[in-house]
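Below is one structure; the comments refer to it alone.
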Amino acid sequence: MTGNVYRKIGTALLTACLLSFSVESFAQLQLFSSPSKNKKEKSDEPTIINSDAMDIDMANDKVTLLGNVDVQDPEMGIKCRKMIIFLGKSSKKTASTGDAARDEQSGKEVVRIECIGDVVITRNQVENANGTKENQQAFAGKAVYELKEDSITLTEDPVLVSGPNRLRGERIILHTKTERVLVFKGVARTKGKMLNNQ
Amino acid sequence: MVKTAGKIFWIVLLMLGAAVHLPGADDMTGAAASLKHFALPEYSRANGRLQFILYGETARNLGALVFLTQPKVDIVRNEVSNILDIVSLANVLPYPLTWTQGQVEDFWKDKKHSQALIFADSAEYDKNLRMLRGDSPVHYRSREMSVDGVGFDADQDRKFVHVRSKVRVVIYPDARRRSAPSAGPEPKKDQEQKTNQEKK
Chain E
40 MTGNVYRKIG TALLTACLLS FSVESFAQLQ LFSSPSKNKK EKSDEPTIIN SDAMDIDMAN
100 DKVTLLGNVD VQDPEMGIKC RKMIIFLGKS SKKTASTGDA ARDEQSGKEV VRIECIGDVV
160 ITRNQVENAN GTKENQQAFA GKAVYELKED SITLTEDPVL VSGPNRLRGE RIILHTKTER
220 VLVFKGVART KGKMLNNQ
Chain P
10 MVKTAGKIFW IVLLMLGAAV HLPGADDMTG AAASLKHFAL PEYSRANGRL QFILYGETAR
70 NLGALVFLTQ PKVDIVRNEV SNILDIVSLA NVLPYPLTWT QGQVEDFWKD KKHSQALIFA
130 DSAEYDKNLR MLRGDSPVHY RSREMSVDGV GFDADQDRKF VHVRSKVRVV IYPDARRRSA
190 PSAGPEPKKD QEQKTNQEKK
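First to last, the sequence lines map onto chains E and P. Residues 40 to 237 in the numbering used here are what the first sequence lists, from first letter to last. Residues 10 to 209 in the numbering used here are what the second sequence lists, from first letter to last.
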């Protein structure tokens, strides 16, 4: 009886340790965090998307890209089979240009992006803690990027890869600004060691 | 015998009448009409609101189909309530995808009524289905994004555009940045917008 209780406590402690380790270790990966170099300059670049076909639904403020979708964004690159971009009325305006006519024409904003099918999100050549550069990638069946919350939710067998580190989970939520990573039912593999928080 | 001759007379007369009247009928209905450098406003069947203005170099009408060269669709914003806000965009050309955010803003500065513009080399407009289709390269331009592609189908009533192939999209930084939590000042309440549209 006592042994059983100790075993349960031991399992709980181990799970907690593994969970905290896996989340912490991947928080240090800085996946999808903004690189230190010239952030402002990068944010001034447009996002370029190539795809096979496209639907523009102006009545519902929705844009759907179909087939071989390839996004080149200042922050990251995304590849998937289908992408749905949800636009919304601008809830806030950018800094005034001083031009009344221009300021009056507030456009729409991207509020949510859904990537469906064979999703690959890439951050190329990000400097890690050791000062060396490495590729960072996320793979998933589906990814939902909520721009207002600044979070990317990966589902359908998601995997995060950064150099030798690898993290799997049932669901992974990346907070791009705060560099916080939430893993649900995760398995981490880092430098040959395997950690499991299931 | 006399009866047969009478029947033949009436048949010949009817045929002559048809031969004389058919070309006239074409002219009356505009079935064979062609236009040059035209602007054709289209209104909603439901509320009579101006939906878009179709510009083009030539239009050739064959039954329910209108064959167009250099068509240009100016999609009018829902918020437009004053007909005087609408300016002619007949001479506007699509700007390149390489334009910067500032250049795009300057382009749209004097086009407040317009939500988006669609340009193509050629297209056909189906008056019954209220659909515009084309196989040629197509260019979609709006404040938020620009699209180039090949072939398109545009549904007037649904405000829906399908670009068939070779799609290249540019989303401008402003559309992306507005959503970012740290971007810009606090939100302002939208001004109440009038939706009453002047009917033709």
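Each residue gets a CB set at the ideal place from its N, CA and C atoms; glycine is no exception. In this text the structure is predicted, and so the values were computed from the model without any measurement.
Looking at chain P, is there any beta carbon in it that lies within less than 7 Å of the beta carbon of residue i?
i: E:M122; result: no
i: E:I87; result: yes
i: E:A98; result: yes
i: E:D83; result: yes
i: E:K147; result: yes
i: E:L70; result: Low local confidence applies: a pLDDT of 46 at E:L70 is under 50, so the model's placement there is unreliable, with the coordinate-based value given in what follows. By this cut-off, E:L70 is not an interface position.
i: E:V220; result: no
Check whether chain E comes within 7 Å of residue i, counting only Cβ atoms and requiring the distance to be less than that.
i: P:H148; result: no
i: P:V176; result: yes
i: P:I95; result: no
i: P:K168; result: yes
i: P:P105; result: no
i: P:V159; result: no
i: P:R58; result: no
i: P:V172; result: yes
What residues of chain E sit near residue i, judged by a beta carbon separation below 7 Å?
i: P:F47; result: Result: empty, since nearest Cβ-Cβ is about 24 Å, beyond 7 Å.
Less than 7 Å between the beta carbons of residue i and residue j, yes or no?
i: P:P169; j: E:D96; result: In the sequence as presented, Pro is not what sits at residue 169 of chain P; that position holds Phe. Yes; because the gap between Cβ atoms is below 7 Å, this pair is in contact.
i: P:I62; j: P:D94; result: no
i: P:R167; j: P:Q124; result: no
i: E:C147; j: P:E153; result: The sequence given here places Lys at residue 147 of chain E; Cys does not occur at that position. Taking 7 Å as the Cβ cut-off, E:K147 and P:E153 qualify as a contacting pair.
i: E:A179; j: E:P203; result: no
i: E:G116; j: E:S90; result: no
i: P:S145; j: P:D130; result: yes
i: P:H148; j: P:D162; result: no
i: E:R207; j: E:V226; result: yes
i: E:G156; j: E:K101; result: no
i: E:Q176; j: E:V200; result: yes
i: E:A98; j: P:R173; result: no
i: E:K172; j: E:E195; result: no
i: P:V159; j: E:I88; result: no
i: E:P85; j: P:Y104; result: no
i: P:D164; j: P:M140; result: yes
i: P:F128; j: P:K81; result: yes
i: P:A42; j: P:N137; result: no
i: P:A99; j: P:A48; result: yes
i: P:L106; j: P:S155; result: yes
i: E:V220; j: E:L213; result: yes
i: E:T103; j: E:D94; result: yes
i: E:E209; j: E:K187; result: no
i: P:A132; j: P:L77; result: yes
i: P:V101; j: P:H122; result: no
Provide the residue(s) that pair with residue i in DSSP beta bridges, ordered along the chain.
i: P:A55; result: Answer by DSSP bridge pairing: none, since P:A55 is not bridged.
i: E:G21; result: Outside the shown range of chain E (40 to 237) lies residue 21 of chain E, about which nothing can therefore be said.
i: P:Y64; result: P:A48 and P:K81
i: E:L126; result: E:V149
i: P:R69; result: P:S43 and P:F76
i: E:T103; result: E:D94 and E:I123
i: E:N89; result: E:D109 and P:R177
i: P:G158; result: P:V147
i: P:H122; result: Its beta-bridge partners do not exist; DSSP assigns none.
Anything in chain P within Cβ reach of residue i, meaning under 8 Å, just list it in chain order.
i: E:D157; result: Simply none; closest approach about 18 Å.
i: E:S90; result: V176 and V178
i: E:L104; result: V176 and V178
Which residues of chain E have a Cβ atom closer than 9 Å to the Cβ of residue i, listed in chain order?
i: P:A125; result: I95 and M97
Taking C-beta pairs closer than 8 Å, name the residues in chain E that residue i reaches, listed in chain order.
i: P:V82; result: What P:V82 touches in chain E: nothing, since even the nearest Cβ is about 11 Å away.
i: P:V101; result: Result: empty, since nearest Cβ-Cβ is about 16 Å, beyond 8 Å.
i: P:V156; result: M93 and I95
(request) Answer yes if the region 145-163 of chain E comes into contact with the region 186-201 of chain E, meaning at least three C-beta pairs across the two stretches below 8 Å, and no otherwise. (result) yes
(request) Decide if the region 109-116 of chain P is in contact with the region 65-72 of chain P; the criterion is three or more beta carbon pairs, one per stretch, under 8 Å apart. (result) no
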